[in-house]
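**Student:** Residue numbers (our numbering): 540 to 809.
Heads up, the beta-carbon is just placed ideally off N, CA and C, and yes, glycines get one too.
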């Protein structure tokens, strides 16, 4: 994989390609792959890979881990790179739940967005190229360079807002790759609710995917609509779908961080 910066316990090893990144606000080990290139999209973006506490322990050198792919990767772990200066606190939350023996250790892969975020995160030609990038370019590199459990049963994808929308589309179209999909405050309204056309036109057997859907006041109508539509298709609450409404919650990283525990436990809970 491309140039690497590792951040661990308030230290940083810089690659020969310098980049301004945070140093002091990450719990555990995070590796940043600088300007990861996509042949299909003809663009570059950073990829941050967060490793669980036990990953480097000698007794675990043969152990492999489930993987959670997340959109807007610059916002999920490091407040210094986050758009708002507040991150999702994925590292803190996973570590806390693992220490409490409430969830499995996982690897988290954060995919930075680009200037084409809106197109890449929607059901569009560029959105399809973006999904192809994740499935056929990024994932093989992650599986080759890290000790992952690469099968669909151990692979999840998650995002918020437009990132939640494209995560849903990823799980729907690539259910052979992803078995768990987290959609937080998702933009199901985008492009005249096109995502509902995709769901309603599907005539096959129920997809074996666990969906987590939530929202605050920001997605009340469409979030409930998607939850209801999926339950009509046979998804059972608590088994293969979870839904949460957070009254008065804002549409930002702080709000998503506050309820991140719920999808993590739904997907990886013990």
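May I have the straight-line CA-CA distance separating residue 808 from residue 649, to the nearest angstrom?
**Tutor:** Approximately 20 angstroms, taken between the alpha carbons.
**Student:** Classify residue 800 as helix, strand or coil using the three-state DSSP reduction.
**Tutor:** In the structure shown, residue 800 sits in a helix (DSSP, three-state: H, G or I).
**Student:** Between 569, 645, 784, 636, which has its C-alpha nearest residue 762's C-alpha?
**Tutor:** Minimum Cα distance to residue 762 is reached at 784.
**Student:** Leaving out five residues on either side along the sequence, give the residues of the same chain with a beta carbon under 8 angstroms from the beta carbon of residue 506.
**Tutor:** Here the chain covers residues 540 to 809 and nothing more, so residue 506 does not appear.
**Student:** Alpha carbon to alpha carbon, how far is residue 733 from residue 742? Give it in angstroms, no decimals.
**Tutor:** Approximately 17 angstroms, taken between the alpha carbons.
**Student:** Can you give the Cα-Cα distance for residue 587 and residue 750, rounded to whole angstroms?
**Tutor:** Their backbone Cα atoms lie some 24 angstroms apart in a straight line.
**Student:** Rounding to the nearest angstrom, what Cα-Cα distance links residue 745 and residue 789 in this structure?
**Tutor:** Each residue's Cα considered, the two are about 33 angstroms apart.
**Student:** Count the other CB atoms, across all protein chains shown, that sit within 10 Å of the CB of residue 730; report buried if there are 16 or more and exposed otherwise.
**Tutor:** By the 10 Å Cβ count, residue 730 comes out exposed.
**Student:** What does DSSP give as the partner residue(s) for residue 589 in the beta ladder?
**Tutor:** Answer by DSSP bridge pairing, in chain order: 569, 647.
**Student:** Between the C-alpha atoms of residue 610 and residue 699, what's the straight-line distance to the nearest angstrom?
**Tutor:** If you take the alpha carbons of residue 610 and residue 699, they lie about 8 angstroms apart.
**Student:** Along the chain, where does the alpha helix (DSSP H) containing residue 609 start, and where does it finish?
**Tutor:** Segment 606-609 is the beta strand (DSSP E) holding residue 609; no alpha helix (DSSP H) there.
**Student:** Per the contact definition of three or more C-beta pairs closer than 8 angstroms, is the segment 601-609 in contact with the segment 774-784?
**Tutor:** Because the criterion of three Cβ pairs below 8 angstroms is not met, the segment 774-784 and the segment 601-609 do not touch.
**Student:** Would you mind reading off the limits of the beta strand (DSSP E) that contains residue 749?
**Tutor:** 749-754 is the span of the beta strand (DSSP E), which, as asked, contains residue 749.
**Student:** Given a cut-off of 7 angstroms, decide if residue 740 and residue 720 are closer than it, judged by their beta-carbon atoms.
**Tutor:** No, the Cβ-Cβ distance between residue 720 and residue 740 is not below 7 angstroms.
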